[in-house]
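Residue numbers (our numbering): 4 to 258.
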């Protein structure tokens, strides 16, 4: 894979990681603006504000968790360089789930109903963005002889070079697209506030939990007794537990 699409001048370049995120955001914004249910609660300007806040909190949340779980010391510069590869989707989700509801409260929009509608399209945004990870070589898989294995040879790649690896970025992209299709289907049946966002968190965390078994960049806590799972798998389980509780509370509250 090639991390850089075009070298402009000196350090200025168009890299594939940033380009795929850009494409994902454009598609996501367009879908939100065309959603009739969202337009009941939000103006186009407010949708734009949510997208901007989502980008900032999502990118920095993913970068912060990625760097916190890295073996190297925390690097503020790597967090600021949002256009480069390397990020944790769970970190992005966590920060978004804090920032966006605060904004929705400030504009007096119904938080759960709005988050429900946004969550329908979020997996598609993540699916497209994961292709950027594939090009950059971050979030790579373990060594394998599997027929779909890929080999990185570019010197700027984040992945180990010259060996065949599981294309976990592609696995993630495809599974997130499947989550998107499931969310579209669920949106036709689930109408109680909080149900869709809960399902989104459960499904997204579950796909990360499963794919992490094949990741070659897994990080672990220092406590050996819990190291049968990675840090991200424990975070995923925590999010699944919280979202499942939210789903039950929502079901009982709206009986």
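Don't be surprised by glycine CBs; every beta carbon is placed ideally from N, CA and C.
For the ligand FMN, any of its heavy atoms closer than 7 Å to the Cβ of residue i?
| i | result |
| --- | --- |
| residue 62 | The ligand FMN is absent from the structure shown, which contains no ligands of any kind. |
What residue range does the beta strand (DSSP E) around residue i cover?
| i | result |
| --- | --- |
| residue 15 | 15 to 18 |
Return helix, strand or coil for residue i, following the three-state DSSP convention.
| i | result |
| --- | --- |
| residue 222 | coil |
| residue 102 | helix |
| residue 197 | coil |
| residue 205 | helix |
| residue 27 | helix |
| residue 190 | coil |
| residue 161 | coil |
| residue 110 | coil |
| residue 231 | coil |
| residue 178 | helix |
| residue 91 | coil |
Rounded to whole angstroms, what's the CA-CA distance from residue i to residue j? Just pull it up for me.
| i | j | result |
| --- | --- | --- |
| residue 33 | residue 123 | 13 Å |
| residue 6 | residue 213 | 26 Å |
| residue 234 | residue 216 | 12 Å |
| residue 174 | residue 134 | 10 Å |
| residue 119 | residue 107 | 12 Å |
| residue 168 | residue 245 | 33 Å |
| residue 46 | residue 56 | 15 Å |
| residue 224 | residue 92 | 18 Å |
| residue 155 | residue 146 | 12 Å |
| residue 143 | residue 227 | 24 Å |
| residue 109 | residue 183 | 28 Å |
| residue 2 | residue 51 | Summary: the structure shown does not reach residue 2, with the chain confined to residues 4 through 258, and so no result is reported for it. |
| residue 229 | residue 44 | 44 Å |
| residue 25 | residue 35 | 15 Å |
| residue 162 | residue 231 | 23 Å |
| residue 42 | residue 54 | 14 Å |
| residue 176 | residue 256 | 34 Å |
| residue 30 | residue 37 | 11 Å |
To which residues of the same chain is residue i closer than 8 Å at the C-beta, ignoring the five residues directly before and after it?
| i | result |
| --- | --- |
| residue 180 | 126, 127 and 130 |
| residue 192 | none |
| residue 104 | 114 and 118 |
Tell me, which residues are paired with residue i by DSSP?
| i | result |
| --- | --- |
| residue 10 | 16 |
| residue 154 | 167 |
| residue 146 | 168 |
Following the continuous alpha helix (DSSP H) through residue i, name the residue where it begins and the one where it ends.
| i | result |
| --- | --- |
| residue 126 | 114 to 139 |
| residue 40 | 39 to 44 |
| residue 234 | 234 to 256 |
Enumerate in chain order the residues of its own chain whose CB-to-CB distance from residue i is below 6 Å, with the five nearest sequence positions on each side excluded.
| i | result |
| --- | --- |
| residue 196 | 115 and 116 |
| residue 242 | 204 and 208 |
| residue 198 | 253 |
| residue 201 | 246, 249 and 250 |
| residue 178 | 210 |
| residue 16 | 7 and 10 |
| residue 238 | 93 |
For residue i, which residues in the same chain have their Cβ closer than 7 Å to its Cβ, ignoring the five residues on either side in sequence?
| i | result |
| --- | --- |
| residue 60 | 98, 99 and 102 |
| residue 64 | 94, 95, 97, 98 and 99 |
| residue 58 | 28 |
| residue 185 | 206 |
| residue 221 | 215 and 233 |
| residue 236 | 212 and 215 |
| residue 132 | 23, 24 and 27 |
Using 8 Å as the limit for Cβ to Cβ distance, is residue i near chain C?
| i | result |
| --- | --- |
| residue 203 | Among the protein chains of the structure shown there is no chain C, as only one such chain exists. |
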